[in-house]
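In what follows, a structure is listed as structure tokens, so that the remarks can point back to it.
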Amino acid sequence: MPTVTLSLRGDQIGTYSSLRGIGNNTGRKVDLSDVQAVGTSSDVYTVVVEQVNAGVTEFQNGQFVTILDSNGNIVMPRTSINPDAEQGKAAGDEHLIIIQSNFLIDLIEFSH
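For the sequence shown, the numbering used here gives the first residue as 59, with consecutive numbering after it.
Below, the structure written as structure tokens:
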């Protein structure tokens, strides 16, 4: 399956200390504590998404994500993602919460 590579700013990738879900269904709310960007708006990071089905433009179960800094150092090792977690709130058009490693990706104004 194809791999997709995204170039994101350091302020579009963050870590968090804990996740708390409240409510159910459409009323579900997810709160992340102690969110911190991994870098600044001038830092560039590479996000590698593996096992992307042809024509797919959103994150899906079965994919793996690796995050690297501008020097190729691993910031987040290869991790499976679960966009359906938290009743589907772990992913949306503009974000991905990577629960397995406490990372968050903000896709607003991203480039690839």
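Each residue gets a CB set at the ideal place from its N, CA and C atoms; glycine is no exception.
Inter-residue Cα distance where the pair is residue i and residue j
{"i": "Q158", "j": "Q145", "result": "16 angstroms"}
{"i": "D151", "j": "P141", "result": "11 angstroms"}
{"i": "I139", "j": "A149", "result": "10 angstroms"}
{"i": "S76", "j": "E108", "result": "26 angstroms"}
{"i": "D101", "j": "P135", "result": "19 angstroms"}
Delimiting residues of the beta strand (DSSP E) encompassing residue i
{"i": "R78", "result": "S76 to I80"}
{"i": "E108", "result": "V102 to E108"}
{"i": "S7", "result": "What is shown of the chain runs 59 to 170, which leaves residue 7 out entirely."}
{"i": "V123", "result": "F122 to L126"}
{"i": "P135", "result": "I132 to S138"}
Environment of residue i [buried if 16+ CB atoms lie within 10 Å]
{"i": "I71", "result": "buried"}
{"i": "I132", "result": "exposed"}
{"i": "Q121", "result": "buried"}
{"i": "R67", "result": "buried"}
{"i": "I125", "result": "buried"}
Selected residue, minimal CA-CA separation from residue i, among the options
{"i": "H153", "options": "G113, D164 and K147", "result": "D164"}
{"i": "I155", "options": "Q118, D127 and S128", "result": "Q118"}
{"i": "S91", "options": "T63, Y74, R136 and G113", "result": "Y74"}
{"i": "T84", "options": "N160, I166, K147 and L162", "result": "K147"}
{"i": "T228", "options": "K87, V105 and D69", "result": "In the structure as shown, the chain starts at 59 and stops at 170, and residue 228 therefore has no counterpart that could be examined."}
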